[in-house]
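In order, the protein sequence lines correspond to chains W and A.
Going by numbering that gives the first Met the number 0, the first residue of the first sequence is number 0, and it counts up by one from there.
Going by numbering that gives the first Met the number 0, the first residue of the second sequence is number 0, and it counts up by one from there.
Please read the structure below before turning to the comments.
2 protein chains.
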Amino acid sequence: MNKKNTLDFPKLMDRFEQVCKTRGLRLTHQRTEIFRALIRSMNHPTTEFVFNQVRKHLKTISLDTVYRTIATFEEFGLIKRVHLLDNTTRFDTNLAVHHHLVCTKCKRIEDFYWPDFDQIKLPKTISHWNKIEVRNVVINGLCSNCNKKK
Amino acid sequence: MNKKNTLDFPKLMDRFEQVCKTRGLRLTHQRTEIFRALIRSMNHPTTEFVFNQVRKHLKTISLDTVYRTIATFEEFGLIKRVHLLDNTTRFDTNLAVHHHLVCTKCKRIEDFYWPDFDQIKLPKTISHWNKIEVRNVVINGLCSNCNKKK
DNA sequence: CTATGTGCAAAGTCTTTGCTCCATC
DNA sequence: GATGGAGCAAAGACTTTGCACATAG
Chain W
0 MNKKNTLDFP KLMDRFEQVC KTRGLRLTHQ RTEIFRALIR SMNHPTTEFV FNQVRKHLKT
60 ISLDTVYRTI ATFEEFGLIK RVHLLDNTTR FDTNLAVHHH LVCTKCKRIE DFYWPDFDQI
120 KLPKTISHWN KIEVRNVVIN GLCSNCNKKK
Chain A
0 MNKKNTLDFP KLMDRFEQVC KTRGLRLTHQ RTEIFRALIR SMNHPTTEFV FNQVRKHLKT
60 ISLDTVYRTI ATFEEFGLIK RVHLLDNTTR FDTNLAVHHH LVCTKCKRIE DFYWPDFDQI
120 KLPKTISHWN KIEVRNVVIN GLCSNCNKKK
């Protein structure tokens with residue numbers, strides 16, 4: 000479960016087709032192209048971005064299909080929605096446990112891994128909360144590009 | 000800098016008036032009421048919620064004034080915008096370093112403090128990022144209410 | 001008195017929905 | 001062939017903006 004896996008496109012496409020097959024989702028041209036666009040756009044794409052990517056190959060795609068399809072993918076656990084910036088919905092195809100860096104200047108989002116954090120105990124003060132599913136860290140700072148420029 | 004402070008309304012109102020005075024912001028009735036509504040609504044209110052609260056005391060308040068005023072407050076560092084749930088913009092008046100619990104069922108947001116986390120070193124893998132300003136943890140789970148019900 | 005801030009209305013975004021036709025299984 | 005999915009258009013939700021009047025300093 001590391002970054003390499005997220006770049007193994009054929010494997011991800013296989014998994015996608017498997018999920019569709021086993022869960023009764025029809026394997027349409029549109030879904031395939033949308034999923035492909037999602038996994039190829041590393042930088043946590045917006046719906047609009049995915050739409051534009053898909054349109055390059057599928058001229059007749061409509062924006063609402065992208066919305067609907069992405070919602071379906073989310074529901075079936077193929078992607079995740081992330082809320083990191085001012086209300087631009089973005090998606091994450093990296094399903095491994097990871098965290099996010101957000102550049103305060105260019106708004107770039109980068110994934111990072113932090114096993115040490117993943118293992119530390121939560122504070123006692125929140126023991127009244129149960130079934131902790133996800134614990135994510137968001138870090139705001141300057142990415143290397145923006146830091147150079149400055 | 001702890002939870003108690005965030006509940007000290009008079010002190011917070013004083014600070015608000017100070018900031019307005021020193022930074023040349025006119026102290027209008029609307030701004031005062033909006034700020035009051037913000038600090039009194041503990042649960043990370045939405046713009047709509049603030050609007051409704053203020054309207055109880057100020058019948059003529061308009062929604063766009065709330066939007067504009069909140070943007071001003073944010074700009075002047077009086078509140079912070081949080082992105083934790085499906086694109087409902089919410090605000091945080093707790094300016095102390097803290098983290099968030101988000102209930103996966105009722106969507107409630109709760110603050111928590113985690114000094115141990117605040118002090119641990121970031122992984123070496125992200126040393127190419129600079130000027131880390133904020134490091135926040137978001138934890139998803141079941142709040143005590145929802146856990147009881149289930 | 002002056003310039004900032006508010007209210008109103010209108011326009012922008014972004015997202016969802018109803019319906020008909022199409023394509024996958 | 002049957003049914004789930006796509007495309008179209010329209011409506012909804014949320015947010016921003018231009019302008020004229022009001023009000024804090």
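By construction, the Cβ of each residue, glycine as well, lies at the ideal position given by its N, Cα and C atoms.
Query, Result
"Short Cβ contact (8 Å threshold) for P114/W with W113/A", "no"
"Closer than 8 Å at the beta carbon, the chain W residues around Y112/A", "P122, T124"
"Counted within 10 angstroms of its Cβ, other Cβ atoms place Q17/A as buried (16 or more) or exposed", "exposed"
"Where E109/A falls, given that 16 or more other Cβ within 10 Å makes a residue buried", "buried"
"Residue range of the unbroken alpha helix (DSSP H) whose run includes D115/W", "114 to 118"
"Beta-carbon neighbours of V96/W, restricted to chain A and to distances below 9 Å", "Those do not exist, as V96/W stays about 13 Å from chain A at its closest Cβ, beyond 9 Å."
"Helix, strand or coil at F50/A [DSSP, three-state]", "helix"
"Contacting positions in the stretch 36 to 64 of chain A - beta carbon closer than 7 Å to chain W", "none"
"C-alpha gap between E73/A and R14/W, whole angstroms", "43 Å"
"Span separating the alpha-carbon of I33/W from that of H56/W", "10 Å"
"Chain W contact for M0/A (CB, 8 Å cutoff)", "Low confidence applies here, because M0/A scores a pLDDT of 44, under 50, leaving its location unreliable; read the following figure in that light. No, M0/A lies away from the interface with chain W (no Cβ there is under 8 Å from its Cβ)."
"Cβ contact check for the stretch 71 to 90 of chain A and the stretch 91 to 98 of chain W: 3 or more pairs under 8 Å", "no"
"First through last residue of the alpha helix (DSSP H) which encompasses N146/A", "143 to 148"
"Enclosing alpha helix (DSSP H) for C19/W [first to last residue]", "8 to 22"
"Sequence-distant residues of its chain with Cβ nearer than 8 Å to Y193/W (five each side left out)", "The structure shown does not extend to residue 193/W, since chain W spans only 0 to 149, so no value can be given for it."
"Residues near L62/W by beta carbon distance below 7 Å, same chain, minus five either side", "F50"
"K123/A, DSSP secondary structure in three states", "helix"
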